[in-house]
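*Asks:* Below: one structure in structure tokens.
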Amino acid sequence: MLAMNYRGPRRVRIDHKPMPEILHPQDAIVRVTRSCICGSDLHLYNGSVPDTRVGMTFGHEFTGVVEQLGEEVEKLKIGDHVLVPFNIACGTCVFCQQGLYGNCHESNSQATAVGGIFGYSHTAGGYDGGQAEYVRVPYADVSPTVIPEGMDLDDAVLLTDVVPTGHQAAEMGGIQPGDTVVVFGAGPVGIMAARCAWLFGAGRVIVIDYVDYRLEFARNYAPCEAYDFRSLQDPVVFIKRITESLGADVCIDAVGAEAAGSAMQTILGRKLLMQGGAATALHWAINSVKKGGIVSIVGVYGPIDTLVPIGNVVNKGITIRANQASVKRLLPRLIEQVQNGILDPKALITHHIPLEDVSDAYRIFSAKLDGCIKPVLMPPSART
Ligand SMILES: NC(=O)c1ccc[n+]([C@@H]2O[C@H](COP(=O)([O-])OP(=O)(O)OC[C@H]3O[C@@H](n4cnc5c(N)ncnc54)[C@H](O)[C@@H]3O)[C@@H](O)[C@H]2O)c1
Ligand SMILES: [Zn+2]
Ligand SMILES: [Zn+2]
Numbered sequence: 303m304l305a306m307n308y309r310g311p312r313r314v315r316i317d318h319k320p321m322p323e324i325l326h327p328q329d330a331i332v333r334v335t336r337s338c339i340c341g342s343d344l345h346l347y348n349g350s351v352p353d354t355r356v357g358m359t360f361g362h363e364f365t366g367v368v369e370q371l372g373e374e375v376e377k378l379k380i381g382d383h384v385l386v387p388f389n390i391a392c393g394t395c396v397f398c399q400q401g402l403y404g405n406c407h408e409s410n411s412q413a414t415a416v417g418g419i420f421g422y423s424h425t426a427g428g429y430d431g432g433q434a435e436y437v438r439v440p441y442a443d444v445s446p447t448v449i450p451e452g453m454d455l456d457d458a459v460l461l462t463d464v465v466p467t468g469h470q471a472a473e474m475g476g477i478q479p480g481d482t483v484v485v486f487g488a489g490p491v492g493i494m495a496a497r498c499a500w501l502f503g504a505g506r507v508i509v510i511d512y513v514d515y516r517l518e519f520a521r522n523y524a525p526c527e528a529y530d531f532r533s534l535q536d537p538v539v540f541i542k543r544i545t546e547s548l549g550a551d552v553c554i555d556a557v558g559a560e561a562a563g564s565a566m567q568t569i570l571g572r573k574l575l576m577q578g579g580a581a582t583a584l585h586w587a588i589n590s591v592k593k594g595g596i597v598s599i600v601g602v603y604g605p606i607d608t609l610v611p612i613g614n615v616v617n618k619g620i621t622i623r624a625n626q627a628s629v630k631r632l633l634p635r636l637i638e639q640v641q642n643g644i645l646d647p648k649a650l651i652t653h654h655i656p657l658e659d660v661s662d663a664y665r666i667f668s669a670k671l672d673g674c675i676k677p678v679l680m681p682p683s684a685r686t
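The sequence shown runs contiguously to residue 686 in our numbering.
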């Protein structure tokens, strides 16, 4: 089958790989019909996630048709068209039972932090992902969800990550009616977080980035105020100034490890890999939230130590909430919101790119060319 193949930092190509097989009675094999590239894949692409092995296939956001089933799978049948949440979750461990499907204790049992994630390095379990024609889906009865009749596949594929992550970013912010919410990052996740902030009752939503076309998109889609941090001199001072010197009620970090904006963070976190990423947006979030405010982190950082102003967290009495999104927990509500037209995720998709052109797709998304917000890879069988 055709599959994306990681060859080393900033080198990916399309290759032929063996078909995946059922390895466990709870597995399914799915023929992929849509597979996105995510900002999280850029951390892998840039070589900043430990134990990202040459030969791995990325891709944790995909839809597909069930082609084979292990003998213990009961809820799915051959031919079902499913959306597959990015977290691999057993459904029964102590963490899954609490709805912490991103922290499953079984799907990545060597690790103490994150659970298994499709196509996300051996740090996240070493599972091959969906940027391929076929993919093995473990615990097939737990998270894969049959796509509701009539739902657009472009909407469905964004329910595997972007929509729940944006929603959870806003949810973790504990937004109260009328709150001022600042979202750092106008990628798909930040834009969706800004959109969802209104659903929780925000009174003012501000997005910060430095890519003009994304700021423009956020302004119209969320809708919200959106500012280029390069024109602000100091985004922290700016946020203080527009909030009567108090600071924002809630700040959301939807940037993570690839942040721009601080030479020191960039050198330590992105060039020398001496910390778990460049924590520039997180710094800004901590310093621009009000005393007693909440910082919600969905931007991804690596497992090693990272310089953040922890003294300010303590002295301002900030609550920090963070996690990988718990997709399965949120799906029922979010499917309903998409069906009711409250959320329109497919509007974020700017590019449908043949799977065979995966290296171009990474280049375009990574360099933010051609107005790219969210690219979707289309395997040959999905294009006929
Ligand atoms: N927690 C989760 O479950 C989860 C799920 C999906 C994605 N993520 C993470 O969320 C983050 C965003 O994902 P995405 O797909 O939107 O990525 P993306 O790369 O498309 O977007 C990130 C945006 O941040 C902007 N940016 C860079 N430095 C900035 C700064 N200092 N301040 C403000 N903006 C800045 C970039 O210009 C870009 O537009 C990534 O770190 C990704 O790994 C987390
Ligand atoms: Zn993702
Ligand atoms: Zn579990």
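Even glycine gets a Cβ: it sits at the ideal position worked out from N, Cα and C.
Within the present structure, is the beta-carbon of ASP430 separated from the nearest heavy atom of ligand 2 by less than 7 Å?
*Replies:* no
*Asks:* Which residues in the same chain as GLU374 place their Cβ atom closer than 6 Å to its Cβ, once the five residues preceding and following it in sequence are excluded?
*Replies:* The beta carbon of GLU374 sits closer than 6 Å to the beta carbons of PRO327 and GLN328 from its chain, once the five residues preceding and following it are set aside; these are given in chain order.
*Asks:* Quick check on the DSSP output: the beta strand (DSSP E) that includes VAL597 runs from which residue to which?
*Replies:* 591-599
*Asks:* Between ILE510 and ligand 1, is the CB less than 7 Å from at least one heavy atom?
*Replies:* Taking 7 Å as the cut-off, one finds at least one heavy atom of ligand 1 near enough to the beta carbon of ILE510.
*Asks:* Any heavy atom of ligand 1 closer than 7 Å to the beta-carbon of HIS407?
*Replies:* no
*Asks:* Within 10 Å of its beta-carbon, does THR425 have 16 or more other beta-carbons around it, so buried, or fewer, so exposed?
*Replies:* buried
*Asks:* Looking at the structure shown, is THR335 part of a helix, part of a strand, or coil, going by DSSP?
*Replies:* THR335: strand per DSSP, three-state reduction.
*Asks:* Would you report the Cα separation of TYR441 and SER337, rounded to the nearest angstrom?
*Replies:* 20 Å
*Asks:* Inspect the beta-carbon positions of GLU369 and VAL332 and report whether they are closer than 8 Å.
*Replies:* yes
*Asks:* Looking at the structure shown, is VAL518 part of a helix, part of a strand, or coil, going by DSSP?
*Replies:* According to the sequence shown, residue 518 is Glu rather than Val. Residue state, collapsed to three classes: helix.
*Asks:* Tell me the residue span of the beta strand (DSSP E) that contains THR467.
*Replies:* Note, THR467: premise wrong, no beta strand (DSSP E); alpha helix (DSSP H) at 464-474.
*Asks:* Where does the unbroken alpha helix (DSSP H) through CYS498 begin, and where does it stop?
*Replies:* Element bounds for CYS498: 490-501.
*Asks:* I'd like to confirm something about ARG516: is its beta-carbon nearer than 7 Å to some heavy atom of ligand 1, or not?
*Replies:* Taking the Cβ of ARG516 as the reference point, at least one heavy atom of ligand 1 falls within a distance shorter than 7 Å.
*Asks:* In the DSSP assignment, what residue or residues form a beta bridge with ILE622?
*Replies:* VAL597
*Asks:* Mind checking whether the beta-carbon of LEU679 lies closer than 7 Å to any heavy atom of ligand 1?
*Replies:* Checking every heavy atom of ligand 1 against the Cβ of LEU679, none is found closer than 7 Å.
*Asks:* Whose CA, out of ASP353, PRO311, ARG438 and GLY571, lies closest to the CA of LEU325?
*Replies:* ARG438
*Asks:* Should GLY513 and ALA496 be called a contact, given that it needs their Cβ atoms to be closer than 8 Å?
*Replies:* Before going further, note that residue 513 is Val rather than Gly in the sequence given. Cβ atoms of VAL513 and ALA496: not closer than 8 Å.
*Asks:* How would you label ASN617, buried or exposed, when you count the other beta carbons within 10 angstroms and need 16 or more for buried?
*Replies:* exposed
*Asks:* Say yes only if the C-beta of PHE486 is nearer than 7 Å to one or more non-hydrogen atoms of ligand 1, and no if none qualify.
*Replies:* yes
*Asks:* What is the rounded straight-line gap between the Cα of CYS398 and the Cα of HIS407?
*Replies:* 8 Å
*Asks:* Could you tell me if ARG635 is buried or exposed, where buried requires 16 or more neighbouring beta carbons within 10 angstroms of its beta carbon?
*Replies:* Its Cβ having fewer than 16 others within 10 Å, ARG635 is exposed.
*Asks:* Ligand 3 heavy atoms versus the CB of THR394: any closer than 7 Å?
*Replies:* yes
*Asks:* Distance check for TYR347 and GLN639, CA to CA, integer angstroms please.
*Replies:* 32 Å
*Asks:* With H, G and I counted as helix, E and B as strand and the rest as coil, what does DSSP make of TYR441?
*Replies:* Looking at TYR441 - three-state DSSP - the assignment turns out to be coil, as it is neither helix nor strand.
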